[in-house]
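Asks:
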Amino acid sequence: MSIKAMGNIGSEKLYVSENAYNFAKSQNFEKTGKNELLMDLSSKFSNLKIGIGTQPGGQGHGNVAISPRILQKMANDPAEREKYEALLYDLNELKPIRHDWFGGKIVASGTIINDDGSVSSWAMSQSGDAKEQKSATQKLLEELEKLQEKRRLEKQKEKNKDNLLDVKI
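The sequence shown: position 152 = 151 (numbering that gives the first Met the number 0), numbered continuously.
1) For Leu36, collect the residues of the same chain with a Cβ closer than 8 angstroms to its Cβ; drop the 5 residues on either side in sequence, then sort them by chain order.
2) Is it true that the CB of Val118 sits closer than 8 angstroms to the CB of Leu93?
3) Quick check on the burial criterion: 16 or more other C-beta atoms within 10 angstroms. Buried or exposed for Asn34?
4) Among Gln26, Ile51, Asn46, Ser45, whose alpha-carbon lies nearest the alpha-carbon of Asn113?
5) Looking only at C-alpha atoms, which of Met38, Pro77, Asn46, Tyr14 sits nearest to Ser25?
6) Could you check which residue in Ser108, Leu140, Ala23, Glu157 has the C-alpha nearest to that of Gln58?
7) Kindly indicate the opening and closing residues of the alpha helix (DSSP H) around Lys82.
8) Have a look at Ile96 and Met123 and give me their C-alpha separation to the nearest angstrom.
9) Tell me whether Gln155 sits in a helix, a strand or coil according to DSSP, three-state version.
10) Lys12 lies in the beta strand (DSSP E); which residues open and close that run?
11) On the DSSP bridge assignment, give the partners of Gln125 in chain order.
12) How would you write the range of the beta strand (DSSP E) that Asn7 sits in, first residue to last?
13) Got a sec? Which residues, its chain only, sit under 7 angstroms from Asn91 by beta carbon, not counting five neighbours each side?
14) Comparing C-alpha positions only, which one of Leu146, Gly9, Lys149 sits nearest to Ser66?
15) Quick one, which of Glu157, Trp121, Leu139 has its alpha-carbon nearest Thr53's?
16) Considering Lys48, what are the terminal residues of the beta strand (DSSP E) in which it resides?
17) Classify Ile96 as helix, strand or coil using the three-state DSSP reduction.
What follows is the structure, given as structure tokens:
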């Protein structure tokens, strides 16, 4: 699947999936009120819990807080709405990550569309029990040991290959 540029949000370029791009381009946007817009967005993107704000919040996954300033721009400007609906389309299609790298469970997560149009995300995790949990250092050391062993085996193979070449000469 290819990625398409939808223009800028804030000071950054917005890239979305081809499906999101096609979805947004196929919509017929008209000027609307903020409340009407929120209801429309909620009906289109059923995996998201869309609200007004600029702070993290909500339970579970798929929380989206849209700045009142951006919501007003979306309500008044079809080009702005197109960009943000493409972004919301992609967010709606994401499967939530349920476990963090350290063995804990991600219990809530979301995205914030800030006043300047930039996008940030957040997550809250809960540690696993002592049996499940390993320290970050321990996990990194285990990964390092695996890499070192892999490299050692590769060097040994090269050495064995060189020894076979020496014998043939």
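Even glycine gets a Cβ: it sits at the ideal position worked out from N, Cα and C.
These figures come from a predicted structure and were not determined experimentally.
Replies: Let me spell this out:
1) Leu70, Met73, Ala74, Arg80
2) no
3) exposed
4) Ile51
5) Selection Met38, Pro77, Asn46, Tyr14 evaluated against Ser25 yields Pro77 as nearest (Cα-Cα).
6) Minimum Cα distance to Gln58 is reached at Ser108.
7) 77 to 92
8) 11 angstroms
9) Gln155: helix per DSSP, three-state reduction.
10) 11 to 16
11) Lys104
12) 2 to 8
13) Phe44, Asn46, Leu47
14) Gly9
15) Trp121
16) 48 to 51
17) The answer is coil: DSSP assigns Ile96 none of H, G, I, E or B.
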